[in-house]
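Going letter by letter, the sequence shown gives residues 1155 to 1496 in this note's numbering. We treat Cβ as the ideally placed atom computed from N, Cα and C, and that holds for glycine. Owing to the predicted nature of the structure, the values given are computational and were not obtained by experimental measurement. For reference, the structure is listed below as structure tokens.
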Amino acid sequence: PAAAPAAPVAAPAAIENSAAPVADNAAAPAVADPTLDAAGKPATLPQAGIGQPTDGLYGLQEQVTPNGREAHWFHNWILVPLITLISIFVLVLLIYVIIRYRRAANPVPSKTSHNVTIEILWTLIPVLILVAIAIPSIKLLAAQFKPAPKEAVTLKAIGNQWFWSYEYPDHGGIQLTANMLKEKSEVAAGQRFRTDADGPRLLATDTRVVLPVGVPIRLLTTAQDVIHSWAMPAFWIKLDAVPGRINETSFIIEKPGVYYGQCSELCGARHAYMPIAVEAVSPEVFAQWVASKGGTMPGAGAEPTTAAAPTGNEADDTTNGTEGGNVATTNAIAAPAVTNKP
């Protein structure tokens, strides 16, 4: 369904590269962020081989959603064995024909023009194979776009050149902005850089999306400028973010942890520097995180409060490169200041 473009998250004015501290735009929340340690660094460390690329990995990442597990089973136990059998059959048939009907073994070629039985078989068998593949494929495709239930947690992901911003419209309008963390050698003194606690190189972000496990998630995507794509391999999700349009899918995360993805639609010079980091936590921890961001849980009895819109003056240099005047801003709810120019 078509929808109006999301409100801009990037300030029109350039951000000075100074050492100014993060501005206090709102009162500090009474609840500490449960996803951070006392030093403000991620408390949950990524696990090697879980939710991220792995050297030498053969096959798909471990899937942590019902749709992902279904697709994983379909790939491993239906598609791969089937294509293996077809490939072996065709190869054996090809070798047999080459040897059996070579000139030395077949000096007088047959003049048979057709064989009805063979022609029926080589038409009917592929049709049956395609039907057998199509039924579970269509079922899986439909499941990916099944409407989320009313009680689902809504996450709105907004693609920008070249960073992601997020909104939690059902939780008091929490707003986040996530930029890629650069390496220590690439940042100025005193600025935050990537560590192993944040995640792999080119995938770690200064702000993680936090979502609860075991709860339906409604993912909405749109974009500010050009087409982007929110892709998370471990969730079996790749949903385009199109300017002026809202796309939607739903999923349930079954396992706590930290998961990484990237923008998967070529969107400009710094397309490769738009990572996605999601931390899946228990519903109880998620409720604490919402409170720490000044938000409210649905049905909590409090009036939803809209987070202050980014002004572009909250931190020193937080841009992910600029092109055509687009400038990234800090997290609207006191995100760490970080330089993000690739």
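E1419 and Y1413 have their C-alpha atoms roughly 19 Å apart. Under the three-state reduction of DSSP, H1382 is assigned to strand. Cβ contact annotation for P1188 (same chain, cutoff 8 Å, sequence separation greater than five): A1197, V1435, V1439, Q1442, W1443 and S1446, in chain order. DSSP places I1406 in the uninterrupted beta strand (DSSP E) bounded by N1401 to I1406. Spatial neighbours of P1303 in its own chain (CB-CB distance under 7 Å, excluding positions within 5 residues in sequence) are listed in chain order as P1370. Note that the C-beta distance between S1319 and I1312 is below 8 Å.
Here the stretch 1296–1310 lies against the stretch 1401–1408, with 3 or more beta-carbon pairs under 8 Å apart.
Separation of the CB atoms of G1344 and A1385 is rounded to 33 Å, and the pair is thereby denied contact status at 8 Å.
For P1280, the uninterrupted alpha helix (DSSP H) segment begins and ends at V1270 to Q1298.
Annotation for E1321: K1310 and Q1329 place their beta carbon closer than 6 Å to its own, counting only its chain and skipping 5 residues before and after. For W1231, the number of other beta carbons within 10 angstroms of its own is below 16, and it is reported as exposed.
Taking each of R1399, P1323 and L1373 in turn and checking the Cα distance to I1381, the smallest one comes out for R1399. The beta carbon of D1352 sits closer than 7 Å to those of P1196, L1335 and A1358, all from its chain and outside the five residues before and after it, given in chain order. Rounded to whole angstroms, the Cβ separation of V1396 and A1377 is 6 Å, and the two are in contact under 8 Å. Taking the Cα of S1339 as reference, the smallest distance to any Cα among A1332, V1270 and T1349 is reached at T1349.
Bounds of the beta strand (DSSP E) holding V1432 are P1429 to V1435.
The three-state secondary structure of G1222, taken from DSSP, is helix. As a beta-bridge residue in DSSP terms, C1417 pairs with W1384. Judged by their CB atoms, P1452 and D1324 are nearer to each other than the 8 Å cut-off.
Contact between A1431 and G1222 fails: their C-beta atoms lie close to 18 Å from each other, not under 8 Å.
Secondary structure of W1316 (DSSP, three-state): coil.
Rounded to the nearest angstrom, the gap between the Cα atoms of N1314 and L1365 is 21 Å. For I1252, the enclosing alpha helix (DSSP H) begins and ends at V1234 to R1254.
Secondary structure at K1392: strand, using DSSP grouped into helix, strand and coil. For the pair G1205 and G1448, the CB atoms are not nearer than the 8 Å cut-off. With contacts defined as CB atoms closer than 8 Å, E1433 and T1219 fail to qualify as a contacting pair. According to the DSSP secondary-structure assignment, E1438 is paired through a beta bridge with no residue.
Taking all protein chains shown into account, A1286 has fewer than 16 neighbouring C-beta atoms within 10 Å of its C-beta and is therefore exposed. In this structure E1216 is buried. Its beta-carbon is surrounded by 16 or more other beta-carbon atoms within 10 angstroms.
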